[in-house]
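So the sequences go chain by chain: A and B.
Take 6 as the starting number for the first sequence in our numbering and just add one per residue.
Take 6 as the starting number for the second sequence in our numbering and just add one per residue.
2 protein chains.
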Amino acid sequence: MTRVHSFSISLDGFGTGEGQSADAHFGHAGERLHQWMFATRWWQPGGSDGVDNLFVQQHDPGIGAEIMGAGKFGHPGWHEDPQWKGAWGPNPPFHTPVVVLTHHTRPPIEMEGGTTFHFVDASPAEALEAARKAADGKDVRIGGGATVIREFLAARLIDHMHVVVVPIVLGRGKRLWDGLEGLEDDYRIEAVSSPSGVTHLTFARTGR
Amino acid sequence: MTRVHSFSISLDGFGTGEGQSADAHFGHAGERLHQWMFATRWWQPGGSDGVDNLFVQQHDPGIGAEIMGAGKFGHPGWHEDPQWKGAWGPNPPFHTPVVVLTHHTRPPIEMEGGTTFHFVDASPAEALEAARKAADGKDVRIGGGATVIREFLAARLIDHMHVVVVPIVLGRGKRLWDGLEGLEDDYRIEAVSSPSGVTHLTFARTGR
């Protein structure tokens, strides 16, 4: 199974804002797409333990590897910094092999806690093949950003997707839905709104 | 008050598809954006009477006039047909004055049942002024399409908006959200998902 979890977008479909930098990982969106997550018990003691918390907890169990885009691994230009190891500190929250899709490959980086970054310049299908091997029988999470998820959807490589629609209008950035006309034909889609204001969408691939 | 009701969009924000014509009022979207409405008791005996039905019933009460765009009044080129009186038959479902925004003005058309179409070439603010007079103290509905609602939102002329997000990806057509960055600053927004699969969004203007 390939899975997407807790991928947050604005009402107008942007998964990240414009102007990404070392200080603004999501550009002008700031942290606004993820406040719902920070308010859960999964994130902090005393947080909410309703539907948002249930969904956010699905992120890790059963996952054996992640695939992420270059834009998630670092701000534009990270490949010019030989010391760049991602924005997550010495012990990143993945704890599995992570395949980073990039045109600027480098040797793998082994971090604390079980995360190893592998840098590959490959198509979605090729990257998935590599990630599946690394996942050792477990599922592969497609970690984003928007461009990567869109490419994997277009290649019909995603089995389960959880998208969170946050009630803000970003106006600019990277869109999730472009070029995916008719996506609903491949999935059973459910929507559930939360008291926090967000709406959780789940896409379960149907037989094809 | 200016109000928008039951304006249906796809996940990717399109309020109508591409290729509108006399036979395809919503272009390649067909009727897919409005199936949720046809399934309600408001539309047909024996229909659903839950949250979808509650929302759809808000369309008419308290409304004294509607403003609609040229693209809602007819398919492209209608202004070349002097007999064109809209796609709703002799007794249109508005039963109030209707201001049609168009660069091709013509004399008013009085229909059965209280609907009169008035054709004006005006800015949103000017059209609203005309509609308010015609509404005789009641509210004005901004009837769409997407372009017209977007223009009225950009001009900060909408007090209440009900948008229905339908779980399909249209890919092309006319977008609602473009150019509306920061819209959430002006509104209290709620989301409620329905068993039918759609999500109702309500925007209530806060003090400014």
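Beta carbons: idealized from backbone N, C-alpha and C, even for Gly.
Asked	Found
Using the C-alpha atoms, what's the distance from GLN62 of chain A back to TRP48 of chain A?	10 Å
Mind checking which residues open and close the beta strand (DSSP E) that includes LEU106 of chain B?	102 to 106
Shorter than 7 Å from the beta carbon of GLU186 of chain A to some beta carbon of chain B?	yes
Leaving out five residues on either side along the sequence, give the residues of the same chain with a beta carbon under 6 Å from the beta carbon of ASP54 of chain B.	ARG46
If we ignore side chains and look at the alpha-carbon of each, how far apart do VAL105 of chain B and ASP126 of chain B end up?	8 Å
Determine the direct distance from the alpha carbon of VAL153 of chain A to that of GLY76 of chain B, and round the result to whole angstroms.	36 Å
For THR107 of chain A and PHE124 of chain A, which I take to be in contact (beta-carbon distance under 8 Å), what is that distance rounded to the nearest angstrom?	5 Å
Give me, in chain order, the residues of the same chain whose beta-carbon lies closer than 6 Å to that of TRP41 of chain B; leave out the 5 immediate sequence neighbours on both sides.	ASP57, SER201, VAL203
Could you check if HIS155 of chain A is buried or exposed, using at least 16 other CB atoms within 10 Å of its CB as the buried criterion?	The question names His, but residue 155 of chain A is Arg in the sequence shown. Per the 10 Å Cβ criterion, buried.
What are the start and end residues of each continuous alpha helix (DSSP H) run of 4 or more residues lying completely inside the region 141 to 172 of chain A, in chain order?	151 to 159
Among A:LEU185, A:LYS138, A:VAL169, which one has its Cα closest to the Cα of LEU158 of chain A?	A:LEU185
Name the chain B residues that come within less than 7 Å of VAL197 of chain A, Cβ to Cβ?	SER198
Smallest Cα separation from THR121 of chain A: which of A:SER128, A:ARG111, A:PRO129?	A:ARG111
Who are HIS123 of chain A's beta bridge partners in DSSP?	A:VAL104
Does the region 79 to 99 of chain B come within contact of the region 9 to 29 of chain B, defined as at least 3 CB pairs closer than 8 Å?	yes
How long is the line joining the alpha carbons of LEU175 of chain B and GLY187 of chain A, rounded to whole angstroms?	6 Å
Quick one, are the C-beta atoms of ARG205 of chain A and PHE19 of chain A less than 7 Å apart?	Going by the sequence as given, residue 205 of chain A is His instead of Arg. The answer is no: Cβ separation not under 7 Å.
Is there a Cβ from chain A that is less than 7 Å from the Cβ of TRP41 of chain B?	no
When DSSP builds the beta bridges, which residues end up paired with LYS179 of chain B?	B:THR21
Cβ of ILE173 of chain B less than 7 Å from any chain A Cβ?	yes
If the criterion is Cβ atoms closer than 7 Å, does the pair VAL197 of chain A and SER198 of chain B meet it?	yes
Below 8 Å between beta carbons is the criterion; list the residues of the region 122 to 155 of chain B that meet it against any residue of chain A, in chain order.	none
Between THR207 of chain B and chain A, is there a C-beta pair that is closer than 7 Å?	no
For the region 13 to 29 of chain A, list every residue whose C-beta sits within 8 Å of some C-beta in chain B, in sequence order.	LEU16, ASP17, GLY18
Quick one: give me the first and last residue of the beta strand (DSSP E) that MET73 of chain B is part of.	68 to 74
Could you please give the first and the last residue of the uninterrupted alpha helix (DSSP H) stretch that includes LEU59 of chain A?	56 to 61
Would you mind telling me which residues of chain B sit closer than 9 Å to ILE194 of chain A, beta carbon to beta carbon, in chain order?	LEU16, PRO172, ILE173, GLY202
Which partner residues of THR204 of chain B appear in the DSSP bridge assignment?	B:VAL170, B:SER198
Take the Cβ of ARG193 of chain B as the centre, count every other Cβ of all protein chains shown within 10 Å, and call the residue buried at 16 or more, exposed below.	exposed
For a contact meaning CB atoms closer than 7 Å, what does TRP47 of chain A contact in chain B?	None at all; the shortest Cβ gap to chain B is about 21 Å.
Any Cβ of chain B within less than 7 Å of the Cβ of GLY32 of chain A?	no
Are any of the Cβ atoms in chain A nearer than 7 Å to that of GLU189 of chain B?	yes
Measuring straight from C-alpha to C-alpha, what distance separates ALA160 of chain A and LEU133 of chain A?	11 Å
Which residues in chain B have a C-beta closer than 9 Å to the C-beta of GLY176 of chain A? List them in chain order.	TRP182, ASP183, GLY184, LEU185, GLU186, GLY187, LEU188
What separation, rounded to the nearest whole angstrom, lies between the Cα atoms of LYS179 of chain B and GLU23 of chain B?	7 Å
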